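Quick notes on the structure that follows.
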Amino acid sequence: LNNLGDALSRRWHIGEAKEDLDASISSLQSAVQCCDPLSPSRLNCLKDLVDVLNLRYEKYRLMSDLEEGIEDQPGAAHLAWKLQPELEISLYNLALAKKLEYDRAGSPNALEDCVQFARKSVEKIYSPRNLRLLSIVLTALFNAKGSFEDINDAIEYLQKAISIMDKRMEQSPPGYYSNLGYALVVRYQMFGAGKDVKEAMYLLLKALELAKVYEPDPLSSRHLNPCQMYFARYRDMGNEMDDLDKAIQHGKLAVDHAREDDPRLPLRRNTLGIALKCRYEDFGQLVSDINEAIKQLEAVRDFVAKTNASRPGYLYNLATAL
């Protein structure tokens, strides 16, 4: 069944007949059900199924494919870890799966597990990829718990990752600069070190320019970070309207470039909504600002699950805008 599913997906690449992709997924789903729960064969079938579901989603935008792919990915990662717990790639993929689970549901346990497996992957192989993932999850942990040590470690790990990458290449990929810039903004917002916001501005704008050339797909996240940076500078360093205008400009681009089913879209809408609300309250020039702020914040309310840990904060922001 797995071989049949693979053959059908290969034929789809030749003729792009949707029935081949549908039949491939059906065959792979049956293969997963037939395999022993802890067998390597089941792992291979799960991986192939996730790949083909993602392929059909990218081509035909079926939400059910995205949801099933997201549900199967942690299962595949966990099974790979069970079968080969000492492999660095198993630890890395499981950390990624736990991060995805946290992004979707806001589960504190998923975040703690993610940090644990990310640390173990770094202990196995001290690579830029592993350091970057650990930094990302430590930043998320800081946002959830507020430990100064976590955000400092996140910044240090990313600086080391970039240093390693820069020795291998002319420059690091845009995502590394973007992640470090975001971590610096987070630390600045909490502790107010002026040098953090200056360095963050340089890194985030550099990441955005590089992304336009090398990585056009994730432009939504690349615009979110400058939006947060300019808003932080507006709020804390002189209330210059130009900073607020730039925050809103990048915020709108972050929302416009995002997919409607992106689990991080609520954060982007929330950030834009707060900036628009702030411009209306501080300058009172456009009623359209508060109307658009409410529209964005209502979309956040409608998207975020009731069990999400961030929901109370989102609802508070909406309530203060109404």
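Numbers in my numbering are just positions in the sequence shown, counted from 1, shifted up by 110. Here a beta-carbon is modelled for each residue, glycine too, at the ideal position from N, C-alpha and C. Please read all numbers here as calculations on a predicted model, not as lab measurements.
Could you tell me if PRO422 is buried or exposed, where buried requires 16 or more neighbouring beta carbons within 10 angstroms of its beta carbon?
Taking the sequence shown and counting its residues from 1, one reaches residue 422 at position 312. By the 10 Å Cβ count, PRO422 comes out exposed.
With H, G and I counted as helix, E and B as strand and the rest as coil, what does DSSP make of GLN281?
Residue numbering aside, residue 281 sits at position 171 when the sequence shown is read from its first letter. If DSSP states are grouped into helix, strand and coil, GLN281 belongs with coil.
Output needed for LEU428: all residues of its chain with C-beta closer than 6 Å, excluding positions within five of it in sequence on either side, in chain order.
Position 318 of the sequence shown holds residue 428. These residues qualify, in order along the chain: LEU407 and ARG411.
Which parts of the segment 373-425 are runs of the alpha helix (DSSP H), unbroken and 4 residues or longer, counting only runs that do not cross its ends?
Runs of the alpha helix (DSSP H) inside the segment 373-425: 375-393 and 397-413.
Is GLY291 near the ligand ATP, going by C-beta to nearest heavy atom under 7 Å?
What this structure holds is no ligand at all, so the ligand ATP is not there to describe.
For the segment 367-377 against the segment 388-397, are there 3 or more C-beta pairs whose distance is under 8 Å?
The segment 367-377 is not in contact with the segment 388-397.
Run through DSSP, which three-state label would ALA250 get?
Translated into the one-based positions of the sequence shown, residue 250 becomes position 140. Residue state, collapsed to three classes: helix.
Evaluate contact between the segment 285-298 and the segment 306-313, counting only Cβ atoms and requiring at least three cross-stretch pairs below 8 Å.
Judged by Cβ distances under 8 Å, the segment 285-298 makes contact with the segment 306-313, as three or more pairs qualify.
Could you check whether SER134 and VAL162 sit closer than 8 Å to each other, using their CB atoms as the reference points?
The residue given as residue 162 occupies position 52 in the sequence shown. The residue given as residue 134 occupies position 24 in the sequence shown. Yes. Within cutoff.
GLN299 and ALA342 - do their beta-carbons sit closer together than 8 Å?
As a first step, residue 342 must be located in the sequence shown, where it is residue number 232. As a first step, residue 299 must be located in the sequence shown, where it is residue number 189. The answer is yes: Cβ separation under 8 Å.
If you draw a straight line from the C-alpha of LYS416 to the C-alpha of LEU210, how long is it?
Position 306 of the sequence shown, counted from the first residue, corresponds to residue 416. Position 100 of the sequence shown, counted from the first residue, corresponds to residue 210. If I take the Cα positions, the gap works out to 18 Å.
Taking the C-alpha atoms as reference points, what is the distance between PRO326 and GLU222?
Counted from its first residue, the sequence shown places residue 326 at position 216. Counted from its first residue, the sequence shown places residue 222 at position 112. Residue placement at PRO326 is poorly supported in this model, since its pLDDT is 49, which falls under 50; the coordinates still yield a value, given next. C-alpha separation (whole angstroms): 32 Å.
Leaving out the 5 sequence neighbours to the left and right, which residues in its chain are closer than 7 Å to LEU244 when beta-carbon positions are compared?
On the sequence shown, residue 244 is found 134 positions in, with the first residue counted as 1. Once the five neighbours on either side are set aside, the close Cβ partners of LEU244 are ALA228, ARG229, VAL232 and TYR267.
Using a 10 Å radius around the Cβ and a threshold of 16 neighbouring Cβ atoms, would you call ILE246 buried or exposed?
Position 136 of the sequence shown holds residue 246. Burial call: buried.
Between which two residues does the alpha helix (DSSP H) harbouring ILE199 extend?
Start at 1 with the first residue of the sequence shown, and residue 199 comes out as number 89. Unbroken alpha helix (DSSP H) run through ILE199: 198-215.
Taking the Cβ atom as the reference point for each residue, do ASP213 and ARG374 lie within a distance shorter than 8 Å?
In the sequence shown, residue 213 corresponds to position 103, counting from 1. In the sequence shown, residue 374 corresponds to position 264, counting from 1. In this structure, ARG374 lies closer than 8 Å to ASP213 by Cβ.
Would the beta-carbon of PRO336 fall within 8 Å of that of MET275?
Residue numbering aside, residue 336 sits at position 226 when the sequence shown is read from its first letter. Residue numbering aside, residue 275 sits at position 165 when the sequence shown is read from its first letter. Taking 8 Å as the Cβ cut-off, PRO336 and MET275 do not qualify as a contacting pair.
Report yes if the C-beta distance between ALA364 and LEU386 is below 8 Å; otherwise report no.
Locating residue 364 in the sequence shown gives position 254, where the first residue counts as 1. Locating residue 386 in the sequence shown gives position 276, where the first residue counts as 1. For ALA364 and LEU386, no; Cβs fall outside 8 Å.
Let me know if ASP279 comes out buried or exposed under the rule of 16 or more other beta-carbons within 10 Å of its beta-carbon.
As a working note, residue 279 is residue 169 in the sequence shown. It should be pointed out that residue 279 corresponds to Met in this sequence rather than to Asp. Answer is exposed; the Cβ neighbour count stays below 16.
Since ARG235 is in the alpha helix (DSSP H), which residue starts that stretch and which ends it?
By one-based count along the sequence shown, residue 235 stands at place 125. Note on residue identity: the sequence assigns Ile, not Arg, to residue 235. ILE235 -> no alpha helix (DSSP H), and no H or E assigned at all.
Which of helix, strand or coil does DSSP assign to ASP158?
On the sequence shown, position 48 is the one that residue 158 refers to. Three-state DSSP puts ASP158 in a helix.
To the nearest angstrom, report how far apart ASN219 and ALA254 are at their CA atoms.
Residue mapping note: residue 219 aligns to position 109 of the sequence shown, counting from 1. Residue mapping note: residue 254 aligns to position 144 of the sequence shown, counting from 1. For ASN219 and ALA254, the distance between alpha carbons rounds to 12 Å.
So, helix, strand or coil for LEU428, using DSSP?
Along the sequence shown, one-based indexing puts residue 428 at 318. In this structure, LEU428 counts as helix in the three-state DSSP scheme.
Comparing C-alpha positions only, which one of CYS224, ALA205 and ASN380 sits nearest to TYR424?
For the purposes of this step, residue 424 is identified with residue 314 of the sequence shown, where counting begins at 1. TYR424 has its Cα closest to that of ASN380, out of CYS224, ALA205 and ASN380.
Can the beta-carbon of ALA264 be found less than 8 Å from the beta-carbon of LEU248?
Walking along the sequence shown from the start, residue 264 turns up at place 154. Walking along the sequence shown from the start, residue 248 turns up at place 138. Contact flag set, yes.
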